[in-house]
Amino acid sequence: MRLIAKRGRERIAFPIDEGETYIGRKDYCEVFFPDPSLSKRHARLLRRGGRLLLFDAGSRNGTFLNGEPVDEDAGVELRSGDVILCGKVRFTVEGVGGGSRAEDFEVLPEEPPGRRSRSARTAGQGLLAARAVASADARPSMLDVLPELPPSVEGQAYAGEAAETSEAEPSSAEPRARLRLVDGGPEQVWELQGDVLTLGSKPGNHIVLAGEGVSRYHAELVREEGEWYLKDLGARNGVFIAGERIDVHKLSPGDEVQIGTLRLRFEVETPGLAQAYAAAFARLREDPVGALKSDPKIRMAAAALVTALLLLVLVLPSRGGPHFRDPGEISVGGNWLQTGSKLLISGDYKQARDLFRKAKVQVPQHQERVPNTLERIADLWGAIAGDPERFRWKRAAELLAVTPRLKGLPDELRAWLAAQTEFVDGNLRARDLLERARTLSEEAKEHARHNDVAAALRSASGALQAFQSIDRESRFAEIADRELAQLRRGILDASIREVERRMRASNPNWVGTLDFLERVRPFAETLEEKQALRRLAERCETNRRDEVLYVRAARLIDQRIVAKYSDARRMFEQIDRRSRVYPDAQAYIDWIEADLKVRKAQRAYDIGDAAEAFRLLEAARQYASLGPKAKESIEDRQVAWQRVVREYKGGMLAFRKGDHKLARRRFQRVLRLEPNRKNRFYVRSRDLLRHIDAAQKTALDQKLQSGLEALGRGDHAEALKWFREVREDPNHRERDLERIRRSVARREKEQHLLEHSKARLLRDERESFLELRDTFKLLTLWLPRKDPRRREARKHLDTVVSRIKNWAAGSGRRPR
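With our numbering, letter number 188 in the sequence shown gets 188, and the count goes up by one each step, no holes.
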């Protein structure tokens, strides 16, 4: 069980042990973040076997599970996938039984007790784990995510067993690490003592660096299980090793670190045996009691020295002096080795272990290495038939690596050990591949949760390759097969849903979908699954091909070249009925048919066959797949043609009846309504208008000439009549009216018509009233508009008209 916290792109895992675990911002909490939104003790977790309960711990901002507040007294049982919110810090629960979700591709097994390490290998290589920091070594920087540790430093003890030393023989002394300044200033050496050391320019650091580009708190050195790690603390100029910028890096002897302008070298010194003993004896001489109490190594050394002296005293009298054997030789009569080897080779590991254990007591001390090593191998191999994930493969490899240096081993045992070495190495590779596959499966599952199926498929493809690379003879093959089957089902279902979603899109990318299906194909195992993918691929390929045909045909239609319509129609007819573009292709085919009919109708209309034109338009309107705009276009054309034909027929009827005025009006409307000057209705109307105009122009000229002749004779009443007809004639032109005005003005000037008429009006001669009225009216109507005499003639016209009315009233006559 564990909590997962995200920080940027990293995931930090907090294992949850049996019993109580507190979350808070103080370092005495097992899971702590130095976040101001957290209380000192914010929440409490209680683990009881496979159950995990969550309680609020009296926090200021409250604890929330999946958005719901958690009570301080009533605990809430947690399941995998639950989200815990403490202040602004969010945790996801993993590894709790009963919480698996349908969309998960795999269920991460809960780590057995004693196998947890900082690398959290059972969760996959991509998941970095941060240990819960105890109060003794708590500091904010310890929450920074450390890199995965190499196998050489990973804890390997499993449940119920004490962890053994990593080598068959213990090292003689603890190695000493140091940093040496080699460039950027005077040479300095810093001995690395303690577990956490900070580097920076501020005096409060353990290692104070003076140089350009060094931040106040630049980097941190952390010792974990005997290894030193260098971590960038977010410095502005970064930390570089071998020219590469690092975040976290495991240091090896000789590594050169660049911080600002300073270059430092990491060195490790392993003191010799004599130096170690000299240091121990020096401490014993200085403070015997304190040294024995405080240093277990000194106690062990002292006990070993006393034992060696006692043995020396016992051996010297019987043998006459010291005699030393080759440390690797087996004493004569070692039947235990032959018997133990047979038991070991036959697989009776328990009997072999017991035999080697007894032999270890019986053989001389300098020969204990052989039975001791073989006893450990037999004891470890006793668990080899169990769960391969619980077996300590790395420890097995370490033990087997010692055996080539053992002397006196039977040939058959050496052959068995060589075979076991190959077997263990193969399983270590298989385990690493399994861990990589699980990591990629976890990534695939995470991508799938966020509906990024393409990324999930990429990760799953890597996991598939890793699963399939696992040796079939390894102990991990069955686990790989089981988890691969689960991965196959999950990614296949998600991928099929993704393909169907893509196919429903408004503008599907068929090529991309086909490529996606090709990458999904390796996940299909059964015949039914392969057939399902093949059907999807056929649908995609059909749609892709038909869309290509559709686009090519549509482009031919867009050119509006009738000769290419047949090619376009042939392409549309090749489109499969199941394709997405099939309805659109049928609509295009109907459009082609309708368009051809409209074109035929246009030709019939242009030659004057109105009946055939209207029949073809009506037929074109009957295609159900035509869109509203296409139908509207046909209807507009029909209405426009009907107007032209109606006006033409009306004009012809008026012309035949001799009503040239009406005929003229209707033919003029035809010319305005019909834009095609070659159209039969347009041409015929234009010709008839010209005929009418020619006939009417002759009559107009006659009217104008008669009026001017009457003016010349002084018959003003007759002149008025002809001039009025000229004005009302539709064929008159402005120049005709202007000619009348000039003639009247000249006549008035020559004959002084206005003055003579005024004089006669003063004489009040009744017999001259009608003549005077015609004269004044002629001057009023036909003198130029700006001529002042026109206004005067108008005044006298009103006077004479009034007198005519009075005279007519008195005599009982009607005025003319």
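Built from N, CA and C at the ideal position, the CB exists for glycine as well. A quick note: this is a predicted structure, and the numbers were derived from the prediction, not measured.
Quiz item: Count the other CB atoms within 10 Å of the CB of LYS360; is the residue buried (16 or more) or exposed (fewer)?
Solution: Residue numbering aside, residue 360 sits at position 360 when the sequence shown is read from its first letter. Result: buried.
Self-check item: Three-state class that DSSP yields for MET142 in the structure shown
Solution: Numbered from 1 along the sequence shown, position 142 holds the residue referred to as residue 142. A caution first: MET142 carries a pLDDT of 30, below 50, which makes its placement in the model too unreliable to give a value.
Practice problem: Count the other CB atoms, across all protein chains shown, that sit within 10 Å of the CB of GLY24; report buried if there are 16 or more and exposed otherwise. | Solution: For the purposes of this step, residue 24 is taken as residue 24 along the sequence shown, with counting starting at 1. Buried.
Exercise. In the DSSP assignment, find the beta strand (DSSP E) that holds PHE614 and state where it starts and stops.
Key: In the sequence shown, counting from the first residue as 1, residue 614 sits at position 614. Segment 610-620 is the alpha helix (DSSP H) holding PHE614; no beta strand (DSSP E) there.
Quiz item: Going along the chain, which unbroken runs of the beta strand (DSSP E) with 3 or more residues stay wholly within the region 710-751?
Solution: DSSP assignment within the region 710-751 yields no whole beta strand (DSSP E) run of 3 residues or more.
Quiz prompt | 7 Å Cβ shell around LEU772 - same chain, five flanking residues per side excluded | solution = Residue numbering aside, residue 772 sits at position 772 when the sequence shown is read from its first letter. Answer for LEU772: SER757, ARG760, LEU761 and VAL800, listed in chain order.
Quiz item: Do you know how far the Cα of SER768 is from the Cα of LYS805?
Solution: Along the sequence shown, read from residue 1 onward, the residue named residue 805 stands at position 805. Along the sequence shown, read from residue 1 onward, the residue named residue 768 stands at position 768. Whole-angstrom Cα-Cα distance: 14 Å.
Quiz item: Relative to the alpha-carbon of LYS661, which residue among VAL424, ASP687, ASP693 and ASP17 has its alpha-carbon at the smallest distance?
Solution: Translated into positions along the sequence shown, residue 661 becomes position 661. Per the Cα distances, ASP693.
Practice problem: Give me the Cα-Cα distance between PHE324 and ARG376, rounded to the nearest whole angstrom. | Solution: Mapped onto the sequence shown, residue 324 falls at position 324. Mapped onto the sequence shown, residue 376 falls at position 376. Confidence is the limiting factor: at PHE324 the pLDDT is only 37, short of 50, which leaves the residue's position unreliable and the question unanswerable from this model.
Self-check item: C-alpha gap between ARG79 and LEU54, whole angstroms
Solution: Start at 1 with the first residue of the sequence shown, and residue 79 comes out as number 79. Start at 1 with the first residue of the sequence shown, and residue 54 comes out as number 54. The alpha-carbon atoms of ARG79 and LEU54 are separated by roughly 11 Å.
Quiz item: Would you report the Cα separation of PRO34 and LEU233, rounded to the nearest angstrom?
Solution: The residue given as residue 34 occupies position 34 in the sequence shown. The residue given as residue 233 occupies position 233 in the sequence shown. PRO34 and LEU233: Cα-Cα distance of roughly 15 Å.
Quiz item: Contact between the region 674-693 and the region 712-720: three or more CB pairs below 8 Å?
Solution: no
Practice problem: Give the single residue among PHE476, GLY490 and GLU422 whose Cα lies nearest to the Cα of GLY449. | Solution: For the purposes of this step, residue 449 is identified with residue 449 of the sequence shown, where counting begins at 1. Position check: residue 449 holds Arg in this sequence, whereas Gly was assumed. Among PHE476, GLY490 and GLU422, the Cα nearest to that of ARG449 is on GLY490.
Quiz item: For the putative contact between LEU344 and TRP416, defined by C-beta atoms under 8 Å, what is the C-beta separation to the nearest angstrom?
Solution: Translated into positions along the sequence shown, residue 344 becomes position 344. Translated into positions along the sequence shown, residue 416 becomes position 416. Their Cβ separation, rounded to whole angstroms, is 7 Å, which keeps LEU344 and TRP416 in contact under 8 Å.
Quiz item: Going straight from the alpha carbon of ARG482 to that of GLU77, what length do you get?
Solution: Locating residue 482 in the sequence shown gives position 482, where the first residue counts as 1. Locating residue 77 in the sequence shown gives position 77, where the first residue counts as 1. Approximately 29 Å, taken between the alpha carbons.
Quiz item: So, helix, strand or coil for PHE391, using DSSP?
Solution: If you number the sequence shown from 1, residue 391 lands on position 391. Looking at PHE391 - three-state DSSP - the assignment turns out to be coil, as it is neither helix nor strand.
Self-check item: Status (buried if at least 16 other CB within 10 Å, exposed otherwise) for ASN61
Solution: Sequence index remark: in the sequence shown, residue 61 carries index 61 (1-based). So ASN61 ends up on the exposed side.
Quiz item: If you measure from the beta carbon of ASP798 to each beta carbon in chain D, is any gap under 8 Å?
Solution: Going by chain labels, chain D is absent from the structure shown, which holds only one protein chain.
Quiz item: When we look at the beta-carbon of GLU398 and count the other beta-carbons within 10 Å, is it buried (16 or more) or exposed?
Solution: As a working note, residue 398 is residue 398 in the sequence shown. Here GLU398 is buried: its Cβ has 16 or more other Cβ atoms, across all protein chains shown, within 10 Å.
Quiz item: What separation, rounded to the nearest whole angstrom, lies between the Cα atoms of PRO371 and PHE356?
Solution: By one-based count along the sequence shown, residue 371 stands at place 371. By one-based count along the sequence shown, residue 356 stands at place 356. Computed Cα separation, rounded: 5 Å.
Quiz prompt | Cβ-Cβ separation, LEU251 to LEU230 (assumed contact under 8 Å), whole Å | solution = Residue mapping note: residue 230 aligns to position 230 of the sequence shown, counting from 1. Residue mapping note: residue 251 aligns to position 251 of the sequence shown, counting from 1. With a Cβ gap of about 6 Å, LEU230 and LEU251 count as contacting.
Quiz item: Considering only residues of the same chain and omitting the five flanking positions on each side of GLY627, which have a CB-CB separation below 8 Å?
Solution: What you label residue 627 is simply residue 627 of the sequence shown in a count that begins at 1. Counting only Cβ-Cβ distances below 8 Å, and skipping sequence neighbours, we find ALA587.
Practice problem: Keeping to the same chain, check which residues put their C-beta closer than 6 Å to that of ARG139; ignore five residues upstream and five downstream. | Solution: To locate residue 139, count along the sequence shown from 1; it is residue 139. Caution applies to ARG139, whose pLDDT of 33 falls short of 50 and renders its modelled position unreliable; the value that the coordinates give is listed next. Here the set comprises nothing.
Practice problem: Use the C-beta contact count for PRO388: other C-beta atoms within 10 angstroms, 16 or more gives buried, fewer gives exposed. | Solution: Position 388 of the sequence shown, counting from 1, holds the residue named residue 388. That one is buried.
Quiz item: Going by Cα to Cα distance, which pick from ARG488, LEU514 and LEU487 is closest to GLU832?
Solution: A query on residue 832 cannot be resolved here, the shown segment of the chain reaching from 1 to 816 and no further.
Quiz item: Who are the near neighbours of ASP183 in its chain, counting only those whose CB is closer than 6 Å to its CB and skipping five residues on each side?
Solution: Within the sequence shown, the letter at position 183 stands for residue 183. Counting only Cβ-Cβ distances below 6 Å, and skipping sequence neighbours, we find ARG263.
Self-check item: Local conformation of ASP17 per DSSP, three classes
Solution: In the sequence shown, residue 17 corresponds to position 17, counting from 1. Three-state result, ASP17: coil.
Quiz item: Can you tell which of HIS752, ASP584, PRO730 and LEU779 has its C-alpha closest to the C-alpha of ILE740?
Solution: As a working mapping, residue 740 is identified with position 740 in the sequence shown. When only C-alpha atoms are compared, the closest one is LEU779.
Exercise. Take GLY260 as the anchor and find which of GLY194, ASN427, LEU181 and ARG223 has the nearest alpha-carbon.
Key: The residue you call residue 260 lines up with position 260 of the sequence shown. Per the Cα distances, LEU181.
Exercise. Quick one: grab the DSSP three-state call for PRO69.
Key: For the purposes of this step, residue 69 is taken as residue 69 along the sequence shown, with counting starting at 1. Strand at PRO69.
Quiz item: Per DSSP, what kind of secondary structure is ARG545 in: helix, strand or coil?
Solution: Stepping through the sequence shown from its first residue, residue 545 is reached at position 545. If DSSP states are grouped into helix, strand and coil, ARG545 belongs with the helices.
Quiz prompt | Rounded C-alpha distance that separates SER341 from SER474 | solution = Residue 341 sits at position 341 when you count from the first residue of the sequence shown. Residue 474 sits at position 474 when you count from the first residue of the sequence shown. Here the alpha carbon of SER341 sits roughly 24 Å from the alpha carbon of SER474.
Practice problem: Assuming ILE557 and ALA568 form a contact by the criterion Cβ under 8 Å, report the distance between their Cβ atoms to the nearest whole angstrom. | Solution: Your numbering for residue 557 matches position 557 in the sequence shown. Your numbering for residue 568 matches position 568 in the sequence shown. Indeed they touch by this definition, with Cβ atoms about 5 Å apart.
Quiz item: What span of residues does the alpha helix (DSSP H) with GLY382 cover, start to end?
Solution: As a working mapping, residue 382 is identified with position 382 in the sequence shown. Per DSSP, GLY382 belongs to no alpha helix (DSSP H) and is neither H nor E.
Quiz item: Looking at the structure shown, is HIS249 part of a helix, part of a strand, or coil, going by DSSP?
Solution: Stepping through the sequence shown from its first residue, residue 249 is reached at position 249. Correct three-state label for HIS249: strand.
Quiz item: Anyone know if the C-beta pair for ALA419 and LEU440 falls short of 8 Å?
Solution: Here the question's residue 419 lines up with position 419 in the sequence shown. Here the question's residue 440 lines up with position 440 in the sequence shown. Not closer than 8 Å, so no.
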